[in-house]
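Student: Would you mind keeping the following structure in view while I ask a few things?
Chains as they are written, first to last, in my numbering: chain X, 293 to 405; chain G, 322 to 433.
Pasting the structure below:
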């Protein structure tokens with residue numbers, strides 16, 4: 293069956309531009325997580341949804357980062373006024389229950405120039 | 322607060338040799354522990370996980386890990402390395418089974 297998909301796979305943005313990254317979880321998965329993976333580092337938690345409710349956004353690095361999941365399925369991570377330090381791979385993961393089981397998408401590599 | 326320490330950012334083994342990737346964790350509550358593998362330009366693939374019960378966990382591709390509470394460790398092993406095992410490996414910890422805290426990763430190189 294289809295796994296977690298993310299689009300675009302690669303995104304180049306000029307500093308100051310806004311970007312939107314999409315995550316399509318596995319159908320029926322209740323939980324959805326976003327992580328940020330900087331070059332040479334492990335992923336770091338950004339935010340967590342259970343259905344449409346954003347239950348934890350403690351990892352969002354600034355108020356320029358915003359995530360939504362309005363219908364409890366597809367999620368969008370938006371970054372406003374991108375800065376060079378936002379360059380990273382953004383990973384999405386989904387889970388069938390309120391427990392992480394580790395179904396990750398391929399990630400979106402964001403490069404801010 | 323939780324944390325994960327992976328000893329050795331790079332590990333090199335010969336094909337057919339034992340693979341041992343070290344992971345130590347810190348958690349104030351009984352942890353859930355995970356090992357993931359990441360191939361270049363790909364997402365994370367779950368190798369194995371420990372939640373409760375048996376402390377020796379078997380995963381995919383011949384990997385296994387043992388949860389040792391007294392040592393706060395969850396080292397990953399494989400008896401015989403294969404060229405296809407070359408990748409980056411991440412250990413992660415979770416409390417109450419929600420968000421993951423990852424280590425910095427270990428790049429495994431397999432020499433022919």
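Backbone N, C-alpha and C define an ideal beta-carbon position, used for all residues, glycine too.
How would you list, in chain order, the residues of chain G whose beta-carbon sits under 9 Å from the beta-carbon of residue 348 (chain X)?
Tutor: Residue 348 (chain X) sits at position 56 when you count from the first residue of the first chain. Per Cβ cutoff of 9 Å: 419, 420.
Student: Using a C-beta cutoff of 8 Å, does residue 407 (chain X) count as contacting chain G?
Tutor: Look at the range of chain X in this structure, 293 to 405, and you will see that residue 407 (chain X) is not part of it.
Student: Any beta carbon of chain G sitting closer than 8 Å to that of residue 335 (chain X)?
Tutor: Position 43 of the first chain, counted from the start, is the residue given in the question as residue 335 (chain X). Judged by the 8 Å Cβ criterion, residue 335 (chain X) is in contact with chain G.
Student: Can you have a look at residue 352 (chain X) and say buried or exposed, based on whether 16 or more other CB atoms are within 10 angstroms of its CB?
Tutor: Taking the first chain and counting its residues from 1, one reaches residue 352 (chain X) at position 60. Buried, because 16 or more other Cβ atoms sit within 10 Å of the Cβ of residue 352 (chain X).
Student: Which ranges does the beta strand (DSSP E) cover as unbroken runs of at least 3 residues, wholly within the region 311-343 of chain X, from first to last along the chain?
Tutor: Listed in chain order, they are 311-316, 323-329, 336-342.
Student: Return the CA-CA distance between residue 361 (chain X) and residue 324 (chain X), expressed in angstroms with no decimal places.
Tutor: If you number the first chain from 1, residue 361 (chain X) lands on position 69. If you number the first chain from 1, residue 324 (chain X) lands on position 32. Taking the straight line joining both Cα atoms gives about 9 Å.
Student: Tell me whether residue 378 (chain X) sits in a helix, a strand or coil according to DSSP, three-state version.
Tutor: To locate residue 378 (chain X), count along the first chain from 1; it is residue 86. Helix.
Student: Is the Cβ-Cβ distance between residue 408 (chain X) and residue 387 (chain X) less than 8 Å?
Tutor: The question about residue 408 (chain X) has no answer, for chain X in this structure spans 293 to 405.
Student: For residue 336 (chain X), which option in G:424, G:332, G:359 has the closest C-alpha, if you only look at C-alpha atoms?
Tutor: On the first chain, position 44 is the one that residue 336 (chain X) refers to. Among G:424, G:332, G:359, the Cα nearest to that of residue 336 (chain X) is on G:424.
Student: Show which residues of chain G have a CB atom less than 9 Å away from the CB atom of residue 398 (chain X).
Tutor: As a position in the first chain, residue 398 (chain X) is number 106, starting the count at 1. Those within 9 Å of residue 398 (chain X) in chain G are 362, 363, 364.
Student: Chain X partners of residue 380 (chain G), CB-CB under 7 Å?
Tutor: Residue 380 (chain G) sits at position 59 when you count from the first residue of the second chain. Neighbours of residue 380 (chain G) on chain X: none; closest Cβ ~11 Å, over 7 Å.
Student: Secondary structure at residue 355 (chain X), three-state DSSP: helix, strand or coil?
Tutor: The sequence position of residue 355 (chain X) within the first chain is 63, counting from 1. Correct three-state label for residue 355 (chain X): coil.
Student: Please confirm whether residue 366 (chain X) and residue 314 (chain X) have their CB atoms less than 8 Å apart.
Tutor: In the first chain, the residue the question calls residue 366 (chain X) occupies position 74. In the first chain, the residue the question calls residue 314 (chain X) occupies position 22. Yes, Cβ-Cβ distance for residue 366 (chain X) and residue 314 (chain X) is below 8 Å.
Student: Can you confirm whether the region 361-379 of chain G touches the region 392-403 of chain X when touching is taken to mean that 3 or more C-beta pairs between the two stretches lie within less than 8 Å?
Tutor: The region 392-403 of chain X is in contact with the region 361-379 of chain G.
Student: Name, please, each residue of chain G whose Cβ falls closer than 8 Å to the Cβ of residue 383 (chain X).
Tutor: Taking the first chain and counting its residues from 1, the one referred to as residue 383 (chain X) is at position 91. 364, 365, listed in chain order.
Student: With a cut-off of 8 Å, do at least 3 Cβ pairs link the region 346-358 of chain G to the region 405-419 of chain G?
Tutor: Flag = yes, the region 346-358 of chain G and the region 405-419 of chain G touch.
Student: Using a Cβ-Cβ cutoff of less than 8 Å, which residues in the same chain neighbour residue 394 (chain X) once the five nearest sequence positions on both sides are dropped?
Tutor: Numbered from 1 along the first chain, position 102 holds the residue referred to as residue 394 (chain X). If we look at residue 394 (chain X) and ignore the five residues flanking it on each side, its Cβ neighbours are 385, 387.
Student: Taking the alpha-carbon of residue 338 (chain X) as reference, which of X:344, X:332, X:357, X:320 has the nearest alpha-carbon?
Tutor: Numbered from its first residue, the first chain carries residue 338 (chain X) at position 46. Closest option to residue 338 (chain X), Cα to Cα, is X:357.
Student: Could you tell me which of G:353, G:339, G:393 sits nearest to residue 327 (chain G), measuring between CA atoms?
Tutor: Position 6 of the second chain, counting from 1, holds the residue named residue 327 (chain G). Considering only alpha carbons, the answer is G:393.
Student: I want to verify the contact list: residues of chain X whose CB lies under 8 Å from the CB of residue 395 (chain G), in sequence order.
Tutor: Residue mapping note: residue 395 (chain G) aligns to position 74 of the second chain, counting from 1. Chain X residues near residue 395 (chain G): none, gap ~15 Å exceeds 8 Å.
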